[in-house]
Amino acid sequence: HASPGIYARAFLDGRLTEQHLDNFRQESGGEGLPSYPHPRRLPWLWEFPTVSMGLGPLSAIYQARFNRYLANRSIKDTANSHVWAFLGDGEMDEPESTAALALAAREQLDNLTFVINCNLQRLDGPVRANF
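Here our numbering is used: the first residue of the sequence shown is 47, the next is one more, and so on.
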(Lines of atoms letter the chains of each structure in order from A; the text may use other names.)
(Lines give C-alpha, C1' and ligand atoms only; values in the text may rest on other atoms or scores of the structure.)
Protein backbone atom coordinates (compact mmCIF):
# COMPACT_ATOMS: atom_id res chain seq x y z
CA HIS A 47 0.00 0.00 0.00
CA ALA A 48 2.39 2.62 -1.27
CA SER A 49 -0.08 5.38 -2.03
CA PRO A 50 0.74 7.59 1.01
CA GLY A 51 4.40 7.60 0.00
CA ILE A 52 3.59 8.30 -3.64
CA TYR A 53 1.23 11.10 -2.65
CA ALA A 54 3.80 12.62 -0.26
CA ARG A 55 6.46 12.59 -2.98
CA ALA A 56 4.03 14.10 -5.50
CA PHE A 57 3.25 16.87 -2.98
CA LEU A 58 6.96 17.62 -2.48
CA ASP A 59 7.41 17.66 -6.28
CA GLY A 60 4.52 20.14 -6.62
CA ARG A 61 2.22 17.73 -8.45
CA LEU A 62 -0.33 17.66 -5.59
CA THR A 63 -1.65 20.48 -3.43
CA GLU A 64 -2.27 20.51 0.30
CA GLN A 65 -5.98 20.41 -0.53
CA HIS A 66 -5.43 17.11 -2.36
CA LEU A 67 -3.75 15.64 0.72
CA ASP A 68 -6.47 16.97 3.04
CA ASN A 69 -8.99 15.12 0.88
CA PHE A 70 -7.23 11.73 0.96
CA ARG A 71 -9.86 8.99 0.65
CA GLN A 72 -12.56 11.64 0.14
CA GLU A 73 -14.60 12.04 -3.03
CA SER A 74 -14.90 15.82 -3.01
CA GLY A 75 -15.52 17.50 -6.34
CA GLY A 76 -12.51 16.11 -8.14
CA GLU A 77 -9.97 17.22 -5.52
CA GLY A 78 -10.05 14.00 -3.50
CA LEU A 79 -7.36 11.36 -3.59
CA PRO A 80 -8.38 7.71 -3.79
CA SER A 81 -6.80 5.10 -1.53
CA TYR A 82 -4.77 3.90 -4.50
CA PRO A 83 -3.64 5.92 -7.52
CA HIS A 84 -5.60 4.65 -10.50
CA PRO A 85 -4.77 5.16 -14.20
CA ARG A 86 -8.33 6.33 -15.01
CA ARG A 87 -8.76 8.64 -12.01
CA LEU A 88 -5.21 10.05 -11.89
CA PRO A 89 -3.59 9.37 -15.29
CA TRP A 90 -1.11 12.20 -14.76
CA LEU A 91 0.12 10.67 -11.48
CA TRP A 92 -0.27 6.91 -11.85
CA GLU A 93 2.96 4.97 -12.51
CA PHE A 94 2.40 1.44 -11.21
CA PRO A 95 -0.06 -0.53 -9.05
CA THR A 96 0.15 0.12 -5.32
CA VAL A 97 -2.24 -2.46 -3.98
CA SER A 98 -1.12 -5.41 -1.95
CA MET A 99 -1.03 -8.90 -3.50
CA GLY A 100 2.76 -8.94 -3.60
CA LEU A 101 3.11 -6.15 -6.16
CA GLY A 102 5.30 -3.90 -3.98
CA PRO A 103 8.26 -6.26 -3.70
CA LEU A 104 7.96 -7.32 -7.34
CA SER A 105 7.85 -3.72 -8.57
CA ALA A 106 11.01 -2.97 -6.59
CA ILE A 107 12.75 -6.09 -7.91
CA TYR A 108 12.00 -5.23 -11.51
CA GLN A 109 13.15 -1.63 -11.01
CA ALA A 110 16.44 -2.93 -9.57
CA ARG A 111 16.79 -5.38 -12.46
CA PHE A 112 16.04 -2.61 -14.97
CA ASN A 113 18.73 -0.40 -13.42
CA ARG A 114 21.20 -3.27 -13.82
CA TYR A 115 20.04 -3.76 -17.45
CA LEU A 116 20.71 -0.09 -18.21
CA ALA A 117 24.21 -0.31 -16.72
CA ASN A 118 25.12 -3.63 -18.36
CA ARG A 119 24.28 -2.23 -21.79
CA SER A 120 26.01 1.11 -21.17
CA ILE A 121 22.71 2.92 -21.67
CA LYS A 122 22.92 4.75 -18.35
CA ASP A 123 25.31 4.80 -15.43
CA THR A 124 23.26 3.46 -12.52
CA ALA A 125 26.20 2.79 -10.19
CA ASN A 126 24.82 5.25 -7.64
CA SER A 127 21.21 4.06 -7.99
CA HIS A 128 19.61 2.03 -5.23
CA VAL A 129 16.01 0.85 -4.95
CA TRP A 130 14.35 0.97 -1.53
CA ALA A 131 11.04 -0.82 -0.91
CA PHE A 132 9.11 -0.03 2.26
CA LEU A 133 6.82 -2.98 2.94
CA GLY A 134 4.49 -4.18 5.67
CA ASP A 135 4.69 -7.54 7.41
CA GLY A 136 1.08 -8.21 6.36
CA GLU A 137 2.08 -7.76 2.73
CA MET A 138 5.14 -9.96 3.22
CA ASP A 139 2.89 -12.71 4.61
CA GLU A 140 1.47 -13.20 1.12
CA PRO A 141 2.88 -16.03 -1.04
CA GLU A 142 3.81 -13.67 -3.89
CA SER A 143 5.92 -11.58 -1.55
CA THR A 144 7.68 -14.59 -0.08
CA ALA A 145 8.50 -15.77 -3.60
CA ALA A 146 9.80 -12.28 -4.40
CA LEU A 147 12.43 -12.63 -1.67
CA ALA A 148 13.75 -15.75 -3.38
CA LEU A 149 13.77 -13.97 -6.75
CA ALA A 150 15.76 -11.02 -5.37
CA ALA A 151 18.27 -13.41 -3.78
CA ARG A 152 18.61 -15.49 -6.95
CA GLU A 153 19.25 -12.37 -9.03
CA GLN A 154 21.81 -11.15 -6.43
CA LEU A 155 20.30 -7.68 -6.44
CA ASP A 156 22.79 -5.75 -4.33
CA ASN A 157 21.12 -2.53 -5.49
CA LEU A 158 17.87 -3.35 -3.65
CA THR A 159 16.89 -3.01 0.00
CA PHE A 160 13.61 -4.13 1.55
CA VAL A 161 12.56 -2.32 4.74
CA ILE A 162 9.76 -4.26 6.45
CA ASN A 163 7.55 -2.66 9.09
CA CYS A 164 6.82 -5.48 11.54
CA ASN A 165 3.74 -4.23 13.39
CA LEU A 166 1.72 -7.50 13.28
CA GLN A 167 -1.26 -5.67 11.74
CA ARG A 168 -3.17 -5.75 8.48
CA LEU A 169 -6.74 -5.08 7.43
CA ASP A 170 -7.86 -8.69 7.08
CA GLY A 171 -6.62 -10.18 10.35
CA PRO A 172 -3.47 -10.71 12.37
CA VAL A 173 -0.14 -11.40 10.74
CA ARG A 174 1.05 -14.96 11.33
CA ALA A 175 4.70 -14.19 11.98
CA ASN A 176 7.44 -11.69 11.43
CA PHE A 177 10.29 -12.42 9.07
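Glycine included, every Cβ here is placed at the ideal spot set by N, Cα and C.
Since this is a predicted model, take the numbers as computed values, not measurements.
DSSP places I162 outside any alpha helix (DSSP H); the residue lies instead in the beta strand (DSSP E), whose first and last residues are L158 to N163. The alpha helix (DSSP H) runs of length 4 or more contained entirely in the stretch 67 to 142 are, from start to end of the chain, 101 to 118 and 135 to 138.
Ranking A131, P172, Y53 and A110 by CA distance to the CA of A125 puts A110 first. Cβ-Cβ distances below 8 Å link F57 to T63, E64, H66 and L67 in the same chain, with the five nearest sequence neighbours on each side left out; the list follows chain order. Its chain contains W130, A131, F132 and L133 as the residues whose beta carbon lies nearer than 8 Å to that of V161, once the 5 sequence neighbours on both sides are disregarded; these appear in chain order. With a cutoff of 8 Å on beta-carbon distance, S81 and S105 are scored as not near each other. Here P141 is exposed. Its C-beta has fewer than 16 other C-beta atoms within 10 Å. For L58, the enclosing alpha helix (DSSP H) starts and ends at S49 to L58. If you ignore the 5 residues before and after T159, its C-beta comes within less than 6 Å of the C-beta of W130, all in its own chain and listed in chain order. In this structure, the beta-carbon distance from I107 to A146 falls below 8 Å.
Taking every protein chain shown into account, the CB of D135 has 16 or more other CB atoms within 10 angstroms, so this residue is buried.
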